[in-house]
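Participant:
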Amino acid sequence: MELQYSLPDITSTLQIIGCHMGSFPPGWSFPRHHHNLFELLYCTSGQIRQTVGKQSFAFRAGDWLLIKSGIVHASDNSSEEHYGFFNLHFDLDDPIIRERLCREDYVMIPEEEAAECALPVHFKAIEHALLQFSRNDIDHADKAMNRLVIQAHTLGTITEFMRYGEQVPLAESDNRGPNLATVSETELAHAIEDQLRNAAHSSINEIAAYLGMSRGRCTSIFSKVYGQSPRQYRSSLVLNQAKHLLVHSTHTMEELAEQLGFQSASHFSRQFRRWTGMPPSAFRPKFMTSQQKEME
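Below, the structure written as structure tokens:
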């Protein structure tokens, strides 16, 4: 038999978290924050002022935005219209794709250029799958099919961003050779992430010892794959959990501090302010009030 074409084995994994559509009223805002995953945004209606790093720009209906993991960003709807959006967070463990997606802090594709590629097609397919998935009369097999559709068109959307990014020259400071992780390094980084997430070990030294490596090698491999140190990653996990509890629970600051592993409420407050620029007491009322208004 003579093979004309062949494809290497594919072992990369796509992770999708928080895939949803919705809208926010005039006056809505979200303070500076960051995520451990890449964030994909599409403005379906209205417009907001989007700040990514030190850059601030208008994000209008029809525009698409991809924000690199770990990049601080904020949103502000100071217009008189509702801001409609599609949003999802994703990650890929393919090192070559990750390297290309991490070349810039963000990529925005304006409406005019987005309309000329396949992005509208991918969005329509994802939107339809989301609507079908939310129906109560859809069985498990159909829901599984819709999940597959969302995954496929998310990959298609990522591909469009990669193609678009190739048209934009890298900044001179970013014109470096790729720092790609091997398959074994990627697997080790994922094992480190599992330990960071399940909190079975209280320190990076313990995680490194558990996995049979030095602390330096543990930090180096994780940073190579995820673009941030294990300590930064763990801090972001705690911050996201703190934000969730502040918005969705009525725990006191003392209870929150204990649940999150801080020595005291004052220690938790100082660290939260260091992360976000505001104390937890200021974060909670703003978003609880926003939720109450939406429920009324």
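Numbering (the numbering used here), first residue to last: 38 to 333.
Built from N, CA and C at the ideal position, the CB exists for glycine as well.
#1: Where does Arg-346 sit, in a helix, a strand or coil, going by DSSP?
#2: For Arg-97, which residues does DSSP report across the bridge?
#3: Could you tell me the distance, in whole angstroms, from the CA atom of Ile-133 to the CA atom of Val-262?
#4: Taking 8 Å as the cut-off, does the segment 294-302 touch the segment 247-263 (at least 3 CB pairs, one atom from each stretch)?
#5: Between which two residues does the beta strand (DSSP E) carrying Val-220 extend?
#6: Measure the C-alpha to C-alpha separation of Thr-313 and Pro-68 and round it to an integer number of angstroms.
#7: Where does Gln-269 fall in DSSP's three states?
#8: Mapping DSSP to helix, strand and coil, what is Ala-155?
#9: Taking the beta carbon of Pro-45 as the centre, do at least 16 other beta carbons fall within 10 Å, making it buried, or is it exposed?
#10: Around the Cβ of Asn-242, are there at least 16 other Cβ atoms within 10 angstroms (buried) or fewer (exposed)?
#11: Hey, how far is the Cα of Ala-155 from the Cα of Thr-196?
#12: Express the C-alpha separation of Asp-128 and Glu-333 in angstroms, rounding to a whole number.
#13: How close, in whole Å, do the beta carbons of Thr-88 and His-119 come, if the pair is a contact with beta carbons under 8 Å?
#14: Does the pairing of the segment 97-105 with the segment 140-158 give three or more beta-carbon distances under 8 Å?
#15: Just mark His-190 as buried or exposed, buried being the case when its beta carbon has 16 or more other beta carbons within 10 Å.
#16: Just mark Met-315 as buried or exposed, buried being the case when its beta carbon has 16 or more other beta carbons within 10 Å.
#17: Under 8 Å by Cβ, that's how I've got Met-199 and Leu-138 pegged, so tell me the actual separation to the nearest angstrom.
#18: Just reading off the alpha helix (DSSP H) that Cys-255 is part of, what are its end residues?
#19: Please report the Cβ distance between Gly-107 and Gly-253, rounded to the nearest whole angstrom; I am assuming they are in contact, meaning their Cβ atoms lie under 8 Å.
#20: So, do the segment 217-236 and the segment 269-276 have three or more beta carbon pairs nearer to each other than 8 Å?
Facilitator: Answer, in terms of the structure:
#1: Residue 346 lies beyond the residue range present for the chain, which begins at 38 and ends at 333; the question has no answer from this structure.
#2: Beta-bridge pairing links Arg-97 to Gln-84.
#3: Near 10 Å, if we compare the C-alpha coordinates of Val-262 and Ile-133.
#4: The segment 247-263 vs the segment 294-302: no contact.
#5: Judged by DSSP secondary structure, Val-220 falls outside any beta strand (DSSP E) and instead within the alpha helix (DSSP H) spanning 220-235.
#6: Here the alpha carbon of Thr-313 sits roughly 8 Å from the alpha carbon of Pro-68.
#7: The three-state reading of DSSP puts Gln-269 in helix, counting H, G and I together.
#8: If DSSP states are grouped into helix, strand and coil, Ala-155 belongs with coil.
#9: Result: exposed.
#10: By the 10 Å Cβ count, Asn-242 comes out exposed.
#11: Straight-line measurement puts the Cα of Thr-196 at about 10 Å from the Cα of Ala-155.
#12: Summary for Glu-333: the model assigns pLDDT 43, below 50, so the residue's position carries little reliability; its value from the coordinates is reported in the next sentence. Between the alpha carbons of Glu-333 and Asp-128 lies a distance of about 36 Å.
#13: Actually they are not in contact, since the Cβ atoms of Thr-88 and His-119 sit about 20 Å apart, beyond 8 Å.
#14: Yes, they touch.
#15: Buried, because 16 or more other Cβ atoms sit within 10 Å of the Cβ of His-190.
#16: Residue environment: Met-315 is assigned as exposed (fewer than 16 neighbouring CB atoms within 10 Å of its CB, all protein chains considered).
#17: The C-beta distance from Met-199 to Leu-138 rounds to 7 Å, short enough to fall under 8 Å.
#18: Membership of Cys-255 in the alpha helix (DSSP H) is indicated by the continuous run 252-263.
#19: That pair is no contact at about 21 Å.
#20: Enough Cβ pairs lie closer than 8 Å, so yes.
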